[in-house]
Amino acid sequence: QVQLVESGGGLVQPGGSLRLSCAASGSILSIYVMRWYRQAPGKQRELVATITNSGSTNYADSVKGRFTISRDNAKNTVYLQMDKLKPEDTAVYSCNAVLLATSIRDYWGQGTQVTVSS
């Protein structure tokens, strides 16, 4: 059974940094795309960043220049380095992976809370 487990959320002051991790485990044959989403209270879920298995990345305009997505293929782990955090970055951050186990499908982590406040 495949699982995605996020870690690294917490409370940080505006201008600070956090690093989120999402580790995929189970009978995984290949991971194609990994993404970070976020959802703030009362708002729709937003795609924050994407990284392919070749290392190509894409970011939401709201986080360009502040967030960096990366992955360690040997560890089946994706990271989100978040710098210059703003109160509007407050949300539950969830990772998503499109991968091949018994079939190709996408999986979700349980989410981790990020709160930016003084």
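FYI, the numbering for the sequence shown is -5 to 112, going by my numbering. Idealized CB from N, CA, C, for every residue including glycine. These numbers were taken from a predicted model, which means no experiment stands behind them.
I want to check one thing, is the minimum distance from the CB of residue i to the heavy atoms of the ligand GTP below 8 Å?
i	result
Glu82	With respect to the ligand GTP, the structure offers nothing, as it holds no ligand at all.
Excluding five sequence neighbours on each side, which residues of the same chain lie with their C-beta closer than 6 Å to the C-beta of residue i?
i	result
Ala17	Val(-1) and Thr71
Leu93	Ile22 and Ile25
Arg32	Glu40, Val42, Ala85 and Tyr87
Asn52	Thr44
For residue i and residue j, which I take to be in contact (beta-carbon distance under 8 Å), what is that distance rounded to the nearest angstrom?
i	j	result
Leu74	Trp30	5 Å
Met28	Ala68	So it is not a contact: roughly 14 Å between Cβ atoms.
Which same chain residues, not among the five before or five after residue i, have their C-beta less than 7 Å away from its C-beta?
i	result
Ala34	Thr84 and Ala85
Gly20	Gln(-5), Val(-4), Gln(-3) and Ala95
Whose C-alpha, out of the options, is nearest the C-alpha of residue i?
i	options	result
Tyr87	Thr51, Gly36 and Gln107	Gln107
Ser56	Ser112, Ser15, Asp77 and Ile98	Asp77
Leu14	Glu82, Gln38, Ser64 and Gly59	Ser64
Leu12	Gln38, Asp66 and Phe61	Phe61
Cβ of residue i within 9 Å of Cβ of residue j?
i	j	result
Gly36	Val110	no
For residue i, which residues from the same chain have a beta carbon less than 8 Å from its beta carbon, with the 5 sequence-adjacent residues on both sides left out?
i	result
Pro8	Leu79, Lys80, Pro81, Val110, Ser111 and Ser112
| Contact between the stretch 98 to 107 and the stretch 42 to 53 (3+ Cβ pairs under 8 Å) | no
| query | Is the stretch 44 to 58 touching the stretch -1 to 9, taking contact as three or more C-beta pairs under 8 Å? | reply | no
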